[in-house]
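Notes for the one structure printed next.
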Amino acid sequence: MEESEGRLSKPVAVIACIAMTLFYVAILYAPTLILRLPPPQSYENFMIRRFICAAVCSVASVIFCALVLPITSGEASYSFGVYGIRSDHFWQAMVFPLFLTSLMYAGSLMLKSMLLVNKWKEHRHQEGEPLLGCIKSTLLSLPGQMSSVASNVLFWRNFIVAPVTEELVFRACMIPLLLCGGFKAYNAIFLCPTFFSLAHLNHMMEIYSRHNYSLLKASLVVGLQLGYTVVFGSYASFLFIRTGNIVAPLVAHAFCNYMGLPVLFEHGKGLVSIAFVAGMVSFVWLLFPITQPDLYNENTNNCRCWQGYCSWNQ
């Protein structure tokens, strides 16, 4: 984008991001504090309320950015492309970042595989069933397990609602604002996680009151969470800027929510540590090659994108 196309100022871009962060947190408490609705009768109702609030915030953030950003084209594909919402190169944006992210969890995946094999061996020993039969019974039970998981409200929070709404607000909306405000791509990569982590500060009071932790213990727990969100937020911002597609950080977000913190080692299982080291080396080695903008976009030499992935190497 040229300077004459209505570039925002840096203070305006930062203030807009802070406003969206505060709104994202505040709206979660709107049902009880503003609308004065009665407390939810169950945890499921409580989470459904939060799902609705997060969805409202996401839509409001998209509309807000559309009004603030100098979007000159009314073409739908271009307008949605501002937020990385694109149908082209969908499979590349989903498969490549997911593979890259899984490398960080090579140790965790190795441990899960070893535990699964041990479970099959124990089952075979107890039931006298051959290994292939154990594998077959596991596969046959998958539909029922998936149906049970899909009806769990935590499944929707961790793998659908949280990834979609957080990536829309803290990547798809904020990164275009920061880049349009004149921030370099590497600045946006580290600024977005700052806002992302601030949005999780409300967890300290929830942990402090709900789990009856001391203020120091609650601060340590939340401090660890904030550190993790900063690291992940930087990675997700990197994926969004490099690929220009919201699907890339979204699948990485859902996968990380499923895996939790990477397993570095496991007592008595040296293969786990070897897998972790090999995975991290592969991750660093493939980080830039597997996120080359050319893999996700046709015209990177003549790009109108707000994300700035086409000018990353300039």
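Per the UniProt record's numbering, residue 1 is the first one in the sequence shown, and the count goes up by one each step.
Don't be surprised by glycine CBs; every beta carbon is placed ideally from N, CA and C.
Just so we're clear, the structure is a prediction, and the values are computed from it rather than from any experiment.
Which value, in whole angstroms, describes the spacing of the CA atoms of residue i and residue j?
| i | j | result |
| --- | --- | --- |
| Arg49 | Thr21 | 19 Å |
| Ile246 | Asp88 | 12 Å |
| Val169 | Tyr228 | 18 Å |
| Gln41 | Phe283 | 45 Å |
| Phe64 | Ala19 | 10 Å |
| residue 325 | Val153 | Because the chain spans 1 through 314 in this model, residue 325 falls outside it and cannot be assessed. |
| Val25 | Val56 | 12 Å |
| Thr101 | Ala76 | 31 Å |
| Val117 | Leu67 | 54 Å |
| Arg157 | Pro11 | 33 Å |
| Cys310 | Tyr83 | Only weak support is given to the placement of Cys310: the predicted model assigns it a pLDDT of 42, under 50, and the question is left unresolved by the model. |
| Met110 | Met259 | 12 Å |
| Glu2 | Cys173 | Unreliable positioning characterises Glu2 in this predicted model, as indicated by a pLDDT of 39, which lies under 50. A coordinate reading is not provided. |
| Ser61 | Ile34 | 20 Å |
| Val230 | Pro163 | 15 Å |
| Phe255 | Phe232 | 11 Å |
| Gly107 | Lys269 | 10 Å |
| Thr32 | Lys119 | 46 Å |
| His253 | Met114 | 25 Å |
| Pro293 | Leu264 | 31 Å |
| Val251 | Ile274 | 26 Å |
| Ile160 | Leu8 | 32 Å |
Spatial neighbours of residue i within its chain, please: CB distance less than 8 Å, with the 5 preceding and 5 following residues excluded, ordered by chain position.
| i | result |
| --- | --- |
| Ala13 | Leu177, Leu178, Cys180, Gly181, Gly182, Phe183 |
| Phe80 | Arg86 |
| Met94 | Val247, Ala248, Val251 |
Taking only three categories from DSSP, how would you classify residue i?
| i | result |
| --- | --- |
| Asn187 | helix |
| Ile71 | coil |
| Asp88 | coil |
| Ile34 | coil |
| Val251 | helix |
| Lys269 | coil |
| Ala199 | coil |
| Ile246 | coil |
| Phe288 | coil |
| Thr118 | The sequence shown places Asn at residue 118, not Thr. Helix at Asn118. |
| Glu298 | coil |
| Asn152 | coil |
| Ile52 | helix |
| Leu8 | coil |
| Gln225 | helix |
| Cys310 | In this prediction, Cys310 scores a pLDDT of 42, lower than 50, which makes its location untrustworthy; the coordinate-derived value is nonetheless stated afterwards. Cys310: helix per DSSP, three-state reduction. |
| Ser42 | coil |
| Cys303 | With a pLDDT of only 49 at Cys303, under the threshold of 50, the placement of this residue in the model should not be trusted, and no figure is reported. |
| Gly107 | helix |
| Met1 | With a pLDDT of 38 at Met1, under the threshold of 50, the modelled position of this residue cannot be trusted, and the question is left open. |
| Val263 | coil |
| Tyr83 | coil |
| Gly233 | helix |
| Gly182 | coil |
Spatial neighbours of residue i within its chain, please: CB distance less than 6 Å, with the 5 preceding and 5 following residues excluded, ordered by chain position.
| i | result |
| --- | --- |
| residue 315 | In the structure as shown, the chain starts at 1 and stops at 314, and residue 315 therefore has no counterpart that could be examined. |
| Tyr105 | Met259, Pro262 |
Evaluate residue i with the Cβ neighbour count: other Cβ atoms within 10 Å of its Cβ, from every protein chain shown; 16 or more gives buried, anything less gives exposed.
| i | result |
| --- | --- |
| Pro249 | buried |
| Pro70 | exposed |
| Tyr186 | exposed |
| Arg86 | buried |
| Ile175 | buried |
| Phe240 | buried |
| Glu44 | exposed |
| Phe288 | exposed |
| Glu167 | buried |
| Phe276 | buried |
| Trp306 | Residue confidence for Trp306 is low, a pLDDT of 47 falling below 50, so the modelled location carries little weight; the figure read from the coordinates is stated next. Buried. |
| Leu271 | exposed |
| Leu37 | exposed |
| Val281 | exposed |
| Leu220 | exposed |
Only counting the same chain, and skipping five residues up and downstream in sequence, which positions put a Cβ closer than 7 Å to that of residue i?
| i | result |
| --- | --- |
| Ile27 | Cys53, Val56, Cys57 |
| Leu295 | Gln92, Phe96 |
| Ser234 | Ile189, Phe190, Pro193 |
| Phe46 | Pro40 |
| Glu266 | Leu111, Val272 |
Determine, using beta carbons only, whether residue i comes closer than 8 Å to chain D.
| i | result |
| --- | --- |
| Val95 | Within the model displayed, chain D is absent; a lone protein chain is all it includes. |
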